[in-house]
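*Asks:* Per this note's numbering, the sequence shown starts with residue 18, numbered consecutively.
Built from N, CA and C at the ideal position, the CB exists for glycine as well.
These numbers come from a predicted model, not from an experiment.
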Amino acid sequence: MPFILLVLVSAIMAAGQAPTTAPSSAVSPADLVLTVTGAVDRPLSLCLADLQHLPRTTLKVTNSHEGEEEAYEGVLVSTLLKEAGIPQGENLRGALMASYLLVQGGDGYRVVLSLAETDVSFQDSQILVADSMNGQPI
């Protein structure tokens, strides 16, 4: 079963130190790197500036705790997977339907998604790697 790993890490963790807590605000945005590795045609290693030059999407959601609308901006995961050469749409068929994506944050948080879940032609949802909320960096 092929898999793809999408990871957002700080430069400190990329040097081999294991995450112990969530990244602090002391981590410079310039030190953050998003990598896409595994069963991909074109592995990616993108800094924040690279992400900001890819097609951008804004998603508005209601914060269920505060009842307020929040606007998140960033790059769709499907865009990143396309950049890495991952089959999508009509090309995501057969054995590829069993492929999955392991997303891991710099704080060690992990989530597993099927490739079909990330493909906008399969379901009406958008998964975003957000770098701003309400116009402010996050």
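Below 9 Å between beta carbons: does that hold for E90 and V78?
*Replies:* Translated into the one-based positions of the sequence shown, residue 90 becomes position 73. Translated into the one-based positions of the sequence shown, residue 78 becomes position 61. Taking 9 Å as the Cβ cut-off, E90 and V78 do not qualify as a contacting pair.
*Asks:* For a test of the three-state rule: what should DSSP assign to Q69, helix, strand or coil?
*Replies:* The sequence position of residue 69 within the sequence shown is 52, counting from 1. It is helical.
*Asks:* Reducing DSSP to helix, strand and coil, say where T135 ends up.
*Replies:* Sequence index remark: in the sequence shown, residue 135 carries index 118 (1-based). In the structure shown, T135 sits in a helix (DSSP, three-state: H, G or I).
*Asks:* Check for me: the alpha helix (DSSP H) holding E100 runs from which residue to which?
*Replies:* Within the sequence shown, residue 100 is the residue found at index 83, counting from 1. 94 to 100 is the extent of the alpha helix (DSSP H) around E100.
*Asks:* Is the beta carbon of L130 closer than 9 Å to that of V94?
*Replies:* Your numbering for residue 94 matches position 77 in the sequence shown. Your numbering for residue 130 matches position 113 in the sequence shown. Cβ distance < 9 Å, so V94 and L130 count as in contact.
*Asks:* Opposite E87 in the DSSP bridges: which residues?
*Replies:* The residue given as residue 87 occupies position 70 in the sequence shown. For E87, which the question treats as bridged, DSSP gives the partners V78.
*Asks:* For L51 and S62, I'd like the C-alpha separation in whole angstroms.
*Replies:* Taking the first residue of the sequence shown as 1, we reach residue 51 at position 34. Taking the first residue of the sequence shown as 1, we reach residue 62 at position 45. Rounded to whole angstroms, L51 to S62 spans 6 Å at the Cα level.
*Asks:* Out of curiosity, what's the CA-to-CA distance linking A47 and V92?
*Replies:* One-based indexing of the sequence shown puts residue 47 at position 30. One-based indexing of the sequence shown puts residue 92 at position 75. Their Cα atoms are separated by approximately 17 Å.
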